[in-house]
Ligand SMILES: [Fe+2]
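Numbering (the working numbering), first residue to last: 12 to 238.
(1) Would you identify the three-state DSSP class for residue 60, choosing helix, strand or coil?
(2) On a Cα-Cα basis, can you pick out the residue from 132, 120 and 68 that is closest to residue 105?
(3) Go to residue 176, then tell me how far its beta strand (DSSP E) extends in each direction, as first and last residue.
(4) Which residues in the same chain have their Cβ closer than 6 Å to the Cβ of residue 197, if we skip the five residues on either side of it in sequence?
(5) Candidates 179, 95, 109 and 52: which alpha carbon is nearest residue 120's?
(6) Find the nearest neighbour of residue 2 within the set 235, 236, 215 and 230, judged by alpha-carbon distance.
(7) Taking residue 189 as the reference, which of 199, 201 and 166 has the closest Cα?
(8) Just to check my reading of the structure: residue 91 and residue 184 have Cβ atoms closer than 8 Å, yes? What is that Cβ distance to the nearest angstrom?
(9) Beta-carbon within less than 6 Å of residue 32's beta-carbon, same chain only, minus the 5 sequence neighbours each way: which residues are those?
(10) Distance check for residue 78 and residue 226, CA to CA, integer angstroms please.
(11) What is the chain-ordered set of residues for which the beta carbon lies under 6 Å from any non-hydrogen atom of ligand 1?
(12) Helix, strand or coil: which one does DSSP assign to residue 228?
(13) Taking only beta-carbon positions, decide if residue 43 is within less than 9 Å of chain D.
(14) If you scan the segment 143-215 from start to end, which runs of the alpha helix (DSSP H) of 4 or more residues do you find wholly inside it?
(15) Which ranges would you report for the alpha helix (DSSP H) in the segment 62-132 if only whole runs of at least 4 residues count?
(16) Under 8 Å by Cβ, that's how I've got residue 100 and residue 72 pegged, so tell me the actual separation to the nearest angstrom.
(17) Is the CB-CB distance between residue 175 and residue 154 below 9 Å?
(18) Evaluate the contact criterion for the segment 204-220 versus the segment 132-144: three or more CB pairs, one atom per stretch, below 8 Å.
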C-alpha cells in the first residue's frame, strides 16, 4: 500500500513539473516609455514603426515557430543554446524578439552620460578608458556589413567584450563566434534609423549614447556577474 502511495505521489510531482514546464510563455513586453520619449535623438515615427510593426512581427513569428517546432516549455536561453539545430525561422525571429526586448530597456529618456560604480571601473580596466570603449563599440556598430547588432557582453570568466553579429543573431546563440550574456546592444538595421538619419548610420550610432540607460545596463551587468 505504501509503495502505491509513493508511486502516486511521484506521478503527481511529475505532473506538476510538467505543468510548470509548459507554462513558459513568451510575453509581448510593453514599451517602457512613449513613442516620442527619446526625441530628438530617436524620432516618434521610427519608434512606433520599430516597436509596433517590426518587433511585433518578430514576436508573432517566433511564437508561431515555437509551436511548429515543438519547442513549447523551453526557455529562450535553452532555445538559443541549440539554435543551430532548428530552422532559420526560429533563429531569426527568436533573435528579433529577444534582441529588441533587451534594446527597449537599455534606452530611456533623460539618460545617457556614463555608468558609475563597478561597471564604469571594469569598462575602463578592460578597454583602457571609457572613451576608448565607446570608440570600439561604435566601430563594431558602424562596420557591421548590412543588418545586425553590436553588443557589449560578459563572458563566462566575467570579462567584458564587444562583438558585432549579423541579422538577429545574438551572443547567447550557439552559432555566435564568442558567447556570453549581453548587457548593452545597438540595433543597426536600417529600420532603426533610416527615417531620421537615412544612410548616416554613424550619426545614429553617435547619438545612441544620449539615450543609453546605464542604470539598467549596470543592473544587467550585476546579474550577469552572479552567474
Ligand atoms: Fe530592429
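We put the CB at the ideal spot given by N, CA and C, even for glycine.
Computed from a predicted model, the values in this text were never measured in an experiment.
Let me spell this out:
(1) helix
(2) 68
(3) 171-177
(4) 152, 161 and 219
(5) 52
(6) Residue 2 lies beyond the range of the chain shown here (12 to 238); nothing can be said about it.
(7) 166
(8) Between residue 184 and residue 91 the Cβ distance is about 5 Å, and since that is below 8 Å, they are a contact.
(9) With a pLDDT of only 42 at residue 32, under 50, the local geometry of the prediction cannot be trusted, and no value is derived from it.
(10) 36 Å
(11) 61, 65, 111, 198, 200, 202 and 203
(12) If DSSP states are grouped into helix, strand and coil, residue 228 belongs with the helices.
(13) The structure shown contains no chain D, having only a single protein chain.
(14) Complete alpha helix (DSSP H) runs here, min 4: 205-208.
(15) With a minimum length of 4 residues, the continuous alpha helix (DSSP H) runs that stay inside the segment 62-132 are 67-79, 87-92 and 99-116.
(16) Right, the Cβ-Cβ distance comes to about 7 Å (below 8 Å), so this counts as a contact.
(17) yes
(18) Contact between the segment 204-220 and the segment 132-144 is absent, because fewer than three Cβ pairs lie under 8 Å.
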